[in-house]
Structure formats: structure tokens, C-alpha cells
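Quick note on numbering: the working numbering labels position 71 of the sequence shown as 67, and the sequence is numbered without any gaps. Note that beta-carbon positions come from the ideal geometry of N, C-alpha and C, so glycine has one too.
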Amino acid sequence: MYTTPKGRRQAKSAKYTSPFPSFWYCSFPSYQSAILQHLHHIVKSSPEKYPYHIANKIDDIPVEVAPDSDPRKKKLRNAQKRSKHKKRQQEKRTHPGTEL
């Protein structure tokens, strides 16, 4: 079990929280479909009790924990950059002559 080092996030709720996401890769060739259906049902029925994410394939992994090279993450980053740039351009048009 992971224990937070002294001086770091010592709040009671964070004492045993790992600072990184954990991934478990499992293969159940004969029973995969039945097992995944059962796990999905358990997790969805009580998300506060089971705060897990089950991914049947790589594209199901949440973007926030995907590697930086993931195409979905790159798309999201580019969209955020475009949005930020667009906002700056709009601010320049509404406040001409001021540097931001």
C-alpha cells in the first residue's frame, strides 16, 4: 500500500492516495465479455464506492490520463490553444491599443 511521504498531503483523506494513476491490464480470453459486463454493472451502480474506470480498449482510457502522444490529447491541446488565441484576438479588437 502506498503511504504519502511525511510533509506531503498529510490530510487524512489523502494519506493513502497514490500520486499517480494505476493501470491494471487483465486478459480473460474465454470469459472477457461476461466479466467486463459484470464489472461495468458494479462500477456504474455505485460510482462513489467503486471510483474505477474500465476500458475495453485503448480509446476508452480517459484523455486526462492518456499519454501525451495520444491523438485525442493532441486534438484537445490544439483546440485549447485555438480557443485561447481566439479569445486574445477578440480582446485586442474590443480594447485596441492596449497590450495584453
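Reduced DSSP secondary structure (H/G/I, E/B, other) of His37:
Within the sequence shown, the letter at position 41 stands for residue 37. DSSP places His37 in helix when its eight states are reduced to three.
Where Ile57 sits in the DSSP three-state scheme
On the sequence shown, position 61 is the one that residue 57 refers to. Of the three classes helix, strand and coil, the one that applies to Ile57 here is coil, per DSSP.
Of the residues Trp20, Asn74, Lys88, the one placed nearest Lys53, counting alpha carbons only:
What you label residue 53 is simply residue 57 of the sequence shown in a count that begins at 1. When only C-alpha atoms are compared, the closest one is Trp20.
Round the Cβ separation of His75 and Arg68 to the nearest angstrom and send it over; I've been treating them as touching at under 8 Å.
Position 79 of the sequence shown holds residue 75. Position 72 of the sequence shown holds residue 68. Residue 75 is actually Ala in this sequence, not His. That pair is no contact at about 11 Å.
Alpha-carbon spacing of Arg78 relative to Ala30, whole angstroms
Within the sequence shown, numbered from 1, the residue matching residue 78 stands at position 82. Within the sequence shown, numbered from 1, the residue matching residue 30 stands at position 34. Straight across, the Cα-Cα distance linking Arg78 with Ala30 is about 43 Å.
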